[in-house]
Structure formats: C-alpha cells, structure tokens
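Quick note, the sequence shown lines up with residues 47 to 185 if you use my numbering.
What follows is a short report on a single structure.
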Amino acid sequence: VSWERVHPAPGAWAACLVGSTPGTPNSQTAQATPTRSGLTVSPRTCAPGHPTRGLLEVSWVGTARLGSLYILDEAGRTVTSLVSAGDVVPEPGARGSWIWDGRDDRGMDCEPGVYWVLASDAEKNGIDAEVVVVAPRME
C-alpha cells in the first residue's frame, strides 16, 4: 500500500487508489471546507530574533467559533498549538489575535522553511490554512 497526503491537517493520509503516484498528483485529494472565517497572518515571514520581523500575528474573525489553531511543518507535524480544545476563544464574529514567534512547543527556534497555520472551527465543519515562512535566525 502506498500512502499519500490528502491535505495538510494532522493525520490526513489515505491509501493511494492507483498503486503509487510519485511525481504526479495524488489519486485522492480532499479540499478543505472553508470555515467562513477570516484567518489572516501578518507578516508572512518570521525571522526569529529579528527586532521587527521576529513575530507573526495570526488573526481570526469568523462566523463560527474557533476550535483549534496549529502551526504545522511541511510534513504535517504539529510544531505548536496556539489554540486547542478547551481554550477560551472569541465569540463568533469577534476578532481574536495570537502571536507566533517562530518557536516550537519546547521554545526552540523552528528550522528555516515553509510552515502551515491551520485553523478549524469548533463544530468541525471546516478548516482554513495559510502558508508562512520561517527565515534563518537573525542576530
């Protein structure tokens, strides 16, 4: 069995339907259902340690209550959680903002590369994702 990533959410893998698909589009894809939200990230590049480019602001304004907000690496592994089940989140329609400093759950700088900001609504009706870049540490 050959496995392929369906979308960037954790655990979003499925068996390939046609044997294997290296170098070609996957045989299965799942489009994320929009959350009816306004997930925004600014700026899109984070340089840990830089005095003005060391933080990303992640904001959510949606008609649905935010359920989770994760940072994932290119392989889909959770790097850190900005919001998880049980956290207090804004009411639907209200703005919520969180800061990510380019570090993982252990406080270590993330490796330079591409990361996903992944938000899901509390009712599990959909997800939103934004791509961000972590630049090399700036001293």
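In this text, a Cβ means the ideal position worked out from N, Cα and C, and glycines have one as well.
- prompt: At what residues does the beta strand (DSSP E) containing A175 begin and finish?
  reply: Sequence index remark: in the sequence shown, residue 175 carries index 129 (1-based). I173 to V180 is the extent of the beta strand (DSSP E) around A175.
message: I need the straight-line Cα distance from V178 to R123, nearest angstrom please.
response: Here residue 178 refers to the residue found at position 132 of the sequence shown. Here residue 123 refers to the residue found at position 77 of the sequence shown. Those two C-alpha atoms are separated by around 15 Å.
message: For a test of the three-state rule: what should DSSP assign to E169, helix, strand or coil?
response: Locating residue 169 in the sequence shown gives position 123, where the first residue counts as 1. In the structure shown, E169 sits in coil (DSSP, three-state: anything other than H, G, I, E or B).
field: Residue range of the unbroken beta strand (DSSP E) whose run includes G142
entry: The count along the sequence shown starts at 1 and reaches residue 142 at position 96. Where G142 is concerned, the enclosing beta strand (DSSP E) stretches over R141 to W146.
query: Near L115, what residues of its chain come up, given a Cβ to Cβ distance below 6 Å and the 5 sequence neighbours on each side ignored?
result: To locate residue 115, count along the sequence shown from 1; it is residue 69. Hits under 6 Å: L128, V129 and A165.
- request: Confirm, please, whether the CB-CB distance from L112 to W162 is below 7 Å.
  value: As a position in the sequence shown, residue 162 is number 116, starting the count at 1. As a position in the sequence shown, residue 112 is number 66, starting the count at 1. No. Outside cutoff.
message: Quick check: V104 and V87, are their CB atoms within less than 7 Å of each other?
response: Within the sequence shown, numbered from 1, the residue matching residue 104 stands at position 58. Within the sequence shown, numbered from 1, the residue matching residue 87 stands at position 41. Contact flag set, yes.
query: So what does DSSP say about L128, is it helix, strand or coil?
result: On the sequence shown, residue 128 is found 82 positions in, with the first residue counted as 1. Strand at L128.
- request: Output the boundary residues of the beta strand (DSSP E) element that contains L85.
  value: Looking up residue 85 in the sequence shown gives position 39. Boundaries cannot be given for L85, as no beta strand (DSSP E) includes it and DSSP labels it neither H nor E.
query: When you compare only the Cα positions, how much space is there between T92 and E176?
result: Position 46 of the sequence shown, counted from the first residue, corresponds to residue 92. Position 130 of the sequence shown, counted from the first residue, corresponds to residue 176. Note that residue 92 is Cys in the sequence shown here, rather than Thr. Spanning the two alpha carbons is a distance of roughly 14 Å.
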